[in-house]
Each structure stands twice: as C-alpha cells, then as structure tokens.
Amino acid sequence: MYEMRRPNIILIGIDTLRADHLTCYGYIRKTSPNIDRIARESIMFTSAYATGIPTHPGWTTILTGVHPLVHGIVSHVGTRKLSPEIPMVQEVLRAN
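Quick note: to get the working numbering, add 168 to the position in the sequence shown (first position is 1).
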C-alpha cells in the first residue's frame, strides 16, 4: 500500500524585510542568494496581508490562524498568554 510522505514545510519570517529588495522577487541586485536558492524550489506568494502590525500579535496569528482580537495577543506589552485551547500550526500539522 502506498504511504503518503509528509511534506517538508519551512516558514521563513523576517521582520521588516521588503520583498522588492529580494532578487527572487525581481530586485536587480544580488541581495538574497540563500533565499533565492530556496525560492527556486518552493512556492512563492506575491500578496500578504497583516492582521496585526506589531510583531508579537502578527506572529501569533501566523502560527495559530486566529485573529488578534480572538487570541488576545494585541501588543508587545502585557502579560496575556495564548490560551492552550488554541492550537498552533505545528500541532495541527503533527496531528494530520
């Protein structure tokens, strides 16, 4: 019986990096040789929309798929922690 292999997923996130300054997105200078090499063998996206401007709520949303007003991480300050009932993407992938 054929067993389906789990794909390798690499999520690269770099705070304040502009796509228009990456060679793989058309920038004329050779600014990103390692990212360009990965991009040649990967899926690249041309549109992105931030649900939260500060890094902390933005990354929490990327890793949970839940809007900041729902998961409660809305700024860099504060002591609020993510509810253990909200699964992170790696937990969902591991379970499936």
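Cβ coordinates follow ideal geometry from the N, Cα and C atoms, glycine included.
**Message:** If you reduce the DSSP assignment to three classes, tell me which class Ile211 lands in.
**Reply:** By 1-based counting over the sequence shown, the position of residue 211 is 43. The answer is coil: DSSP assigns Ile211 none of H, G, I, E or B.
**Message:** Ignoring anything shorter than 4 residues, give me the alpha helix (DSSP H) runs that lie fully in the stretch 170 to 252, in order along the chain.
**Reply:** 201 to 208, 223 to 232 and 236 to 239
**Request:** Name the residue from Gly226, Tyr195, Asp204 and Pro236 whose alpha carbon lies nearest to the alpha carbon of Asp183.
**Result:** Residue mapping note: residue 183 aligns to position 15 of the sequence shown, counting from 1. Comparing Cα-Cα distances from Asp183 to each of Gly226, Tyr195, Asp204 and Pro236, the minimum goes to Gly226.
**Message:** Taking the straight line between their C-alpha atoms, what separation do you get for Gly211 and Ser200?
**Reply:** The count along the sequence shown starts at 1 and reaches residue 211 at position 43. The count along the sequence shown starts at 1 and reaches residue 200 at position 32. In the sequence as displayed, the identity of residue 211 is Ile instead of Gly. Taking the straight line joining both Cα atoms gives about 16 Å.
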